[in-house]
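Residue numbers (this note's numbering): 403 to 473.
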């Protein structure tokens with residue numbers, strides 16, 4: 403799952419360093435919306451405004467953990 407999510411981020415957000423130690427700081431609100439839509443479609447999970455926290459978008463690993471919790 404981690405590699406697939408990494409690939410989704412790299413393919414759709416080419417200007418974002420997905421290996422950043424603080425990914426959330428690099429993301430615009432549009433980037434976050436894009437990520438949420440793509441992950442919802444890919445994994446059939448429902449992500450909402452309450453999920454948009456620095457903790458959930460800190461790193462690729464934290465995004466993976468958020469998706470796993472929603473499944």
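Glycine included, C-beta positions come from ideal geometry on N, C-alpha and C.
This one's a predicted model, so the numbers in the text were calculated from it and none came from an experiment.
Reduced DSSP secondary structure (H/G/I, E/B, other) of residue i
| i | result |
| --- | --- |
| residue 436 | helix |
| residue 417 | coil |
| residue 423 | coil |
| residue 457 | coil |
Residue j beta carbon less than 8 Å from that of residue i
| i | j | result |
| --- | --- | --- |
| residue 461 | residue 425 | yes |
| residue 432 | residue 418 | no |
| residue 440 | residue 458 | no |
Pick from the options that is closest to residue i, judged by C-alpha positions
| i | options | result |
| --- | --- | --- |
| residue 448 | 459, 473 and 418 | 473 |
| residue 442 | 457, 468, 418 and 430 | 468 |
| residue 404 | 453, 434 and 445 | 445 |
| residue 435 | 423, 421, 422 and 452 | 452 |
Cβ separation of residue i and residue j, assumed to be a contact under 8 Å, to the nearest whole Å
| i | j | result |
| --- | --- | --- |
| residue 407 | residue 466 | 6 Å |
Residue i at chain B interface by Cβ criterion, 8 Å
| i | result |
| --- | --- |
| residue 468 | Given the protein chain composition of this structure (a single chain), no chain B is represented. |
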